[in-house]
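What follows is a set of notes on a single structure, which appears directly below.
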Amino acid sequence: RGLGDVYKRQKQIPLPPLTKGSYVVVIGSFENKSLASKYSASIDYGLPINMFKANNNYYRVFLGPFPSFSRAKEVLNDVPGRAWILRKK
């Protein structure tokens, strides 16, 4: 069993603090926490899926964190739909 198997069984993993300079791939943004939770539970990319509340009070569902922009870009290229990379400042 690989880490992907763990993530498939446990949709949301505890989020470590996003370290300065880390990257996430935002795959959804919701006004409602319940909708964000339902969305994150309905998708599976074999990667950690989490959410955080942004400054605009929207809940962002994301993949990661990733240590480099290049790794985040690889993931972004594999994600269908509208997604973007966010860097923790």
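Heads up: the sequence shown begins at 374 in the numbering used here, then just goes up one per residue.
For every residue, glycine included, the Cβ atom is placed at its ideal position computed from N, Cα and C.
These figures come from a predicted structure and were not determined experimentally.
Residues near residue i in its chain [Cβ-Cβ closer than 7 angstroms; skip 5 each side]
| i | result |
| --- | --- |
| K426 | Y432 |
Neighbourhood of residue i by C-beta distance below 6 angstroms, restricted to the same chain and skipping five residues each side
| i | result |
| --- | --- |
| I386 | Residue placement at I386 is poorly supported in this model, since its pLDDT is 46, which falls under 50; the coordinates still yield a value, given next. Correct list, in chain order: P421. |
| L459 | V397, V399 |
| A409 | F403, M424, Y432, V434 |
Range of the contiguous alpha helix (DSSP H) that encloses residue i
| i | result |
| --- | --- |
| N450 | 442 to 451 |
| Y412 | 406 to 415 |
Minimum C-alpha distance to residue i - residue among the options
| i | options | result |
| --- | --- | --- |
| E333 | N429, T392, R444 | Because residue 333 is not part of the residues shown, which for the chain are 374 to 462, the question remains open. |
| L391 | K406, G437, L449 | G437 |
| Y418 | K462, D451, A456, K411 | D451 |
Status (buried if at least 16 other CB within 10 Å, exposed otherwise) for residue i
| i | result |
| --- | --- |
| G394 | exposed |
| F439 | buried |
Contact set for residue i: own chain, Cβ-Cβ below 8 angstroms, skip 5 residues either direction
| i | result |
| --- | --- |
| F442 | Y396, I458, R460 |
| L449 | V398, A456, W457, I458 |
First through last residue of the beta strand (DSSP E) which encompasses residue i
| i | result |
| --- | --- |
| K426 | 422 to 426 |
| R460 | 457 to 460 |
| S395 | It is not in any beta strand (DSSP E) - S395 carries neither H nor E in the DSSP assignment. |
is_contact[residue i, chain B] using C-beta, thresh 7 angstroms
| i | result |
| --- | --- |
| M424 | Protein chain content of the structure displayed is limited to a single chain, and chain B is not contained in it. |
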